[in-house]
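Novice: Please read through the structure below; I'll follow up with questions.
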């Protein structure tokens, strides 16, 4: 749940084509499940270390015995591997339960010996080695110090709020402040305890100005002067996001300006308005937002392409009328809108962008939900992903984790999503992934699926009224046409015809239609291109 979503009182969802409001910047940490057993805490701790070991490609990692209460979030893992920790912890817990009392006793003796050898080791550059034997609870300062040392912008809501980042509504200003913190911590030796004292005493601004005055750096002096001009800046200070939304109401029609923005109708207008407010304040849709897929941000191969899309949307919103924009979203005509305002060549360079946006208003290929799944901490994929990409074959949490990691690696190296989709519907996932990843890291059985759907997918479909079905079959035989004939009632309406066109887009097909005279009556056929 994000800061923005919480404010609007709407729960975000990753259900297939579900509608959720955008997550602007920060996510409140979910409350971890209550754990009574010390062994379970140790297992989760070990799972975190093992996953950290895998990600760091370290051949050997000593595992110090943690004290009660230590949690895996000490290392501020990225969201995409949190689920690996949970999965591995579940496997280790089962193994723990199955061991004999004697084996457990021997293992505990070994752990005590290893603990003596590694008690002075530190994780990262922060003093987490000493924290691991310190009963003090890991707090916002610990997590913020790690964020500064790794230069990873804190998405933890409590951490960002604690150090005044949420005082600013502009993403550019938030990153500017965080950049100042990073320089103070990494380059000029600002330590954990002095930062904690300033935070707890609510003297964060005074602390920044004082420490900056001791540093012979023009850049630091300029940034501290900027902070001195922020009258309301303080620890735990947060500016309400209503300011952002109210500031852009001038783009709405007069009647829409008179109502709270949360009540904008239809839904597409509200989503478009929230997106406009995001872009104009330097934010982009987060992975768990619908707009991440419906506006094509999921097609970005890297951060560079994401920033390119952000820039293009910003320029488009500056040129077009807001009514045009939200209607283009609702009608899957965003590509046409980009071309209308001279951005056709720019979006043509974005792989799969036009393909997705031409159909996303109705349905979208499950490969985009798969890509979303690899970036979130959801324990299970969406139901379409479960079937299409082999997750229903997984018998253990570890198999699910390994399969997920294989797809994560594919996307991380810039793999073509629509090429993966084509391999999926052709039932060729194993050879495709093996080629892309230079060897299949999992069993081929895990990526088997029900495709291709022989007898279910046709190149040409002919819709005919029920009364002339016999004549249509004769015509098909005489012409030697390879097609399927679908019957509709004689009172067939246009809305039903549009339904077939919309469903065809799910497979990424564009449709060519033509009329044919059969027994004196015109019928329409559709061919996939």
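Residue numbers (the UniProt record's numbering): 1 to 529.
Cβ coordinates follow ideal geometry from the N, Cα and C atoms, glycine included.
So for residue 463, helix, strand or coil by DSSP?
Specialist: In the structure shown, residue 463 sits in a strand (DSSP, three-state: E or B).
Novice: Looking at residue 281: is its Cβ nearer than 7 Å to the Cβ of residue 244?
Specialist: Contact: yes.
Novice: Would you mind giving the Cβ-Cβ distance between residue 284 and residue 297, rounded to the nearest angstrom? I have them listed as a contact below 8 Å.
Specialist: Confirmed, about 6 Å.
Novice: Report buried or exposed for residue 364, applying the criterion of at least 16 other Cβ atoms within 10 angstroms of its Cβ.
Specialist: Buried.
Novice: Which of the three DSSP states is assigned to residue 339 in this structure?
Specialist: Helix, per DSSP.
Novice: Shortest alpha-carbon distance to residue 247 belongs to which of 238, 274 and 267?
Specialist: Looking at the Cα atoms, 274 is the closest of the given residues.
Novice: Look at the alpha carbon of residue 140 and the alpha carbon of residue 158, and state the distance between them as a whole number of angstroms.
Specialist: Residue 140 and residue 158: Cα-Cα distance of roughly 7 Å.
Novice: Work out the CA separation of residue 303 and residue 194 for me, nearest whole Å.
Specialist: So the alpha carbons of these two residues sit roughly 34 Å apart.
Novice: When DSSP builds the beta bridges, which residues end up paired with residue 487?
Specialist: Per DSSP, 464.
Novice: Thinking C-beta only, is residue 167 closer than 7 Å to residue 237?
Specialist: Against a cut-off of 7 Å, the Cβ pair of residue 167 and residue 237 comes out as a contact.
Novice: Check this for me: beta carbons of residue 249 and residue 258, under 7 Å apart or not?
Specialist: Taking 7 Å as the Cβ cut-off, residue 249 and residue 258 do not qualify as a contacting pair.
Novice: Just confirm the distance between the C-beta atoms of residue 385 and residue 366, as a whole number of angstroms; I'd bet it's less than 8 Å.
Specialist: Right, the Cβ-Cβ distance comes to about 5 Å (below 8 Å), so this counts as a contact.
Novice: Mind checking residue 379: buried by the 16 CB within 10 Å criterion, or exposed?
Specialist: Exposed, since its Cβ has fewer than 16 Cβ neighbours within 10 Å.
Novice: Where does residue 316 land, buried or exposed, given buried means 16+ other C-beta within 10 angstroms?
Specialist: So residue 316 ends up on the buried side.
Novice: Specify the secondary structure class of residue 139 as computed by DSSP and reduced to three states.
Specialist: Residue state, collapsed to three classes: coil.
Novice: Given that a residue counts as buried once 16 or more other Cβ atoms are within 10 Å of its Cβ, and exposed if not, what is residue 544?
Specialist: A query on residue 544 cannot be resolved here, the shown segment of the chain reaching from 1 to 529 and no further.
Novice: Which runs of the alpha helix (DSSP H) at least 4 residues long sit entirely within the segment 236-316? Give them in chain order.
Specialist: The segment 236-316 contains these whole alpha helix (DSSP H) runs: 242-247, 254-257, 267-279 and 290-294.
Novice: For the alpha helix (DSSP H) holding residue 385, just list the boundary residues, first then last.
Specialist: Here the alpha helix (DSSP H) through residue 385 covers 383-388.
Novice: Quick one: is residue 368 buried, meaning 16 or more other Cβ sit within 10 Å of its Cβ, or exposed?
Specialist: Buried, because 16 or more other Cβ atoms sit within 10 Å of the Cβ of residue 368.
Novice: Can you give me the Cβ contacts of residue 300 inside the same chain, cut-off strictly under 7 Å, excluding the 5 residues immediately before and after it?
Specialist: So the qualifying residues of the chain are 306 and 309.
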